[in-house]
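Student: Chains as they are written, first to last, in my numbering: chain A, 1 to 277; chain B, 1001 to 1277.
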């Protein structure tokens, strides 16, 4: 692991790191915030998964998580959203596929299967790297994310309920296999047999029996992707049928940007901290 | 005035605006945050001046001021740092002069005198525009800034003590007329007669009799510009001699970045709010 940068912030250290990822077969970057309580022993880890077009840097710059993470004693890990590099197959000018659009799945189709393995990267390789290099207590993990990263957080938590104590999302894509902005990517990554897509679709995972005890979702009502891409009512219906305790806050007038996320960041950090205590 | 964008944030509205500036003879952009209390009447205005290379966007993205400004009922105005555009004379690849480096002064030398009039822009044209377009109570104004913008805040407050109820700075350039990174710019903007530079130099303005009742400065000890560019001890000495009540906090381990600024943003907002009440 290589240290790209470190900077003191809110009493802790905000760092950016890179490493040669075996899983994604390319160099990967990620951000980690370590709060000051780390001097007294290992701390719980909160994973934040970012949305389409983002890197680790968007939430690091605009997410406003450090003040409260520092108070609450949370390590916050912010991975990248896809493999990157000149050796990674991609579609320039397509923001919904490839670079910045890994959708937190393991691709099975060529030429993407070699690099696009974000599910394994987030659930296996990166946790091991974090455990080896930071004062992290991996028996206490939680996960959240935004948009495509909300999709990532929900699907990863539903598939690994024993690993994460809590899960939440800002404006998540709750049913990517039926949304116009994700269907083409799913087809390229996973092939045309849509049954295989269900393993990476939060509402369909719930339909298929996966469970997580409780979920927190915030969604802005002025979000331009609400009606076609996000559709939180699909998650609401799936959770109702499955008996999953979903807290869904429709936030009046908020859009899809980090102005929305940063406004409700404190609520989500408190939600996770209470469950990681 | 043209609305570039607006976005709900922390209960208020973060907007970006542009206008054809007469003073700078080019189009200028700026950011304004209006907190929710604006529905009940005009609010005090806090001016934030940014540092070298910045636009209005750096502090808007990374400054973490909205949560508390929203609680305290402060309008926060974030101007750009220089005139810009293809008609504005500049030096490409020089981050210490021209574009992003207006130094909050009125240039007297050709070819810069036509556009580089940031002092008049910040003290005259932009306040009038803000007053005309936002629920702003201009009888209650305060000013702060970072680095070159800290220099701007200090010099503007010292020259207009009746206008600003309070002034503070993060890692300000306190004596630009003797610092290597600002002397070349001062010479190009103001000419080789260094007497004329004193009007835009905080410590020399104090030497020359300008006064402001109290100042708050935060400075990181791990700031790479501390020894050569910033030198807060020069301000400390000038304030001591002049009887100005300077509160200088040397913050252990903090650098020059927005990780430093955002950490101490709350302290500065509370400082100003107490004096704007």
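Ideal placement from N, C-alpha and C gives every residue a C-beta, glycine not left out.
Nearest to residue 1253(B) by alpha carbon, out of 1152(B), 1218(B) and 1156(B)?
Tutor: Of 1152(B), 1218(B) and 1156(B), the residue nearest in Cα terms is 1218(B).
Student: Using only the alpha-carbon positions, how far apart do residue 268(A) and residue 216(A) sit?
Tutor: Approximately 8 Å, taken between the alpha carbons.
Student: Going by DSSP, what residue range makes up the alpha helix (DSSP H) through residue 38(A)?
Tutor: Residue 38(A) -> no alpha helix (DSSP H), and no H or E assigned at all.
Student: So, does the CB of residue 1267(B) fall closer than 9 Å to a CB anywhere in chain A?
Tutor: It does not: the Cβ of residue 1267(B) has no partner Cβ on chain A nearer than 9 Å.
Student: On the CB-based measure, 16 or more other CB atoms within 10 Å of its CB, does residue 181(A) come out buried or exposed?
Tutor: Label assigned to residue 181(A): buried.
Student: Which chain A residues are close to residue 1255(B), counting only those with a beta carbon under 8 Å from its beta carbon?
Tutor: Within chain A, the residues near residue 1255(B) are 7 and 8.
Student: Can you name the residues that DSSP bridges to residue 98(A)?
Tutor: 101(A).
Student: Are at least three pairs of beta-carbons, each pair with one atom in the segment 100-110 of chain A and one in the segment 4-22 of chain A, less than 8 Å apart?
Tutor: The segment 100-110 of chain A vs the segment 4-22 of chain A: no contact.
Student: Pull up the DSSP beta-bridge partners for residue 279(A), would you.
Tutor: This structure does not reach residue 279(A), given that chain A is present from 1 up to 277, and the question cannot be answered.
Student: Around the Cβ of residue 1139(B), are there at least 16 other Cβ atoms within 10 angstroms (buried) or fewer (exposed)?
Tutor: Exposed, by the Cβ-count rule.
Student: Assign residue 59(A) to one of three DSSP states: helix, strand, or coil.
Tutor: In the structure shown, residue 59(A) sits in a helix (DSSP, three-state: H, G or I).
Student: Pull up the distance between the alpha-carbon of residue 1111(B) and that of residue 1019(B), whole angstroms please.
Tutor: Roughly 22 Å separates the two Cα atoms.
Student: Which residues in the same chain as residue 1026(B) place their Cβ atom closer than 7 Å to its Cβ, once the five residues preceding and following it in sequence are excluded?
Tutor: Same-chain partners within the cutoff: 1083, 1084, 1085, 1087, 1088 and 1115.
Student: CB residue 151(A) to CB residue 122(A), shorter than 9 Å?
Tutor: No, these two residues do not count as a Cβ contact at 9 Å.
Student: Is it the case that the segment 1023-1042 of chain B contacts the segment 1067-1079 of chain B, given that we only count it when at least three CB pairs across the two stretches are under 8 Å?
Tutor: With the cut-off at 8 Å, the segment 1067-1079 of chain B and the segment 1023-1042 of chain B touch.
Student: Quick one, are the C-beta atoms of residue 212(A) and residue 157(A) less than 9 Å apart?
Tutor: Result yes, Cβ atoms of residue 212(A) and residue 157(A) sit closer than 9 Å.
Student: By the DSSP assignment, the alpha helix (DSSP H) with residue 1151(B) in it spans what residues?
Tutor: First-last of the alpha helix (DSSP H) with residue 1151(B): 1148-1159.
Student: Tell me which residues share the same chain as residue 1059(B) and place their Cβ nearer than 6 Å to its Cβ, disregarding the 5 neighbours each side in the sequence.
Tutor: Correct list, in chain order: 1048, 1050 and 1078.
Student: Does the separation of the CB atoms of residue 263(A) and residue 200(A) fall below 9 Å?
Tutor: Cβ distance not < 9 Å, so residue 263(A) and residue 200(A) don't count as in contact.
Student: So is residue 62(A) in contact with chain B if we call contact Cβ pairs under 9 Å?
Tutor: Interface residue, yes.
Student: Does the separation of the CB atoms of residue 1017(B) and residue 1105(B) fall below 9 Å?
Tutor: No; because the gap between Cβ atoms is not below 9 Å, this pair is not in contact.
Student: Using a threshold of 9 Å, state whether the C-beta atoms of residue 1171(B) and residue 1226(B) are closer than that.
Tutor: In this structure, residue 1226(B) lies closer than 9 Å to residue 1171(B) by Cβ.
Student: Restricting to runs no shorter than 4 residues, where is the alpha helix (DSSP H) found entirely within the segment 1154-1224 of chain B?
Tutor: Here the runs fully enclosed are 1183-1190 and 1202-1207.
Student: Closest Cβ-Cβ distance between residue 1141(B) and chain A: below 9 Å?
Tutor: No, no contact with chain A.
Student: How about residue 71(A) and residue 42(A): do their beta carbons lie closer than 9 Å?
Tutor: No, they are not a contact pair.
Student: If the cut-off is 8 Å on Cβ atoms, which residues from the segment 1049-1075 of chain B count as contacting chain A, listed in chain order?
Tutor: Those would be 1061, 1062, 1064, 1066 and 1067, in chain order.
Student: Could you run through the segment 152-164 of chain A and flag, in chain order, every residue whose CB is less than 9 Å away from some CB of chain B?
Tutor: The segment 152-164 of chain A vs chain B, Cβ under 9 Å: nothing.
Student: I'd like to confirm the pairing. Which residues does DSSP put opposite residue 1015(B) in its beta bridges?
Tutor: Paired residue(s): 1006(B) and 1032(B).
Student: Just to make sure I have the definition right: I need the residues of chain B whose C-beta is within less than 8 Å of the C-beta of residue 133(A). Which are they?
Tutor: Result: empty, since nearest Cβ-Cβ is about 20 Å, beyond 8 Å.
Student: Please identify, using Cβ separations under 8 Å, the residues of the segment 220-232 of chain A that lie next to chain B, in order along the chain.
Tutor: Under the 8 Å Cβ criterion, the segment 220-232 of chain A contributes 220 and 222.
Student: Kindly indicate if chain B contains any beta-carbon less than 9 Å away from that of residue 281(A).
Tutor: Not covered by the structure: residue 281(A). The range shown for chain A is 1 to 277.
Student: Please state the DSSP three-state secondary structure of residue 1267(B).
Tutor: Residue state, collapsed to three classes: helix.
Student: Once the 5 residues before and after residue 165(A) are set aside, which same chain residues still bring their CB inside 6 Å of it?
Tutor: So the qualifying residues of the chain are 142, 275 and 276.
Student: Do residue 63(A) and residue 261(A) come within 9 Å of each other at the CB atom, strictly closer than that value?
Tutor: Yes, they are a contact pair.
Student: Look up residue 73(A) in the DSSP assignment and say whether it is helix, strand or coil.
Tutor: Coil.
Student: Anything in chain B within Cβ reach of residue 262(A), meaning under 9 Å, just list it in chain order.
Tutor: Those within 9 Å of residue 262(A) in chain B are 1009, 1010, 1064, 1066 and 1067.
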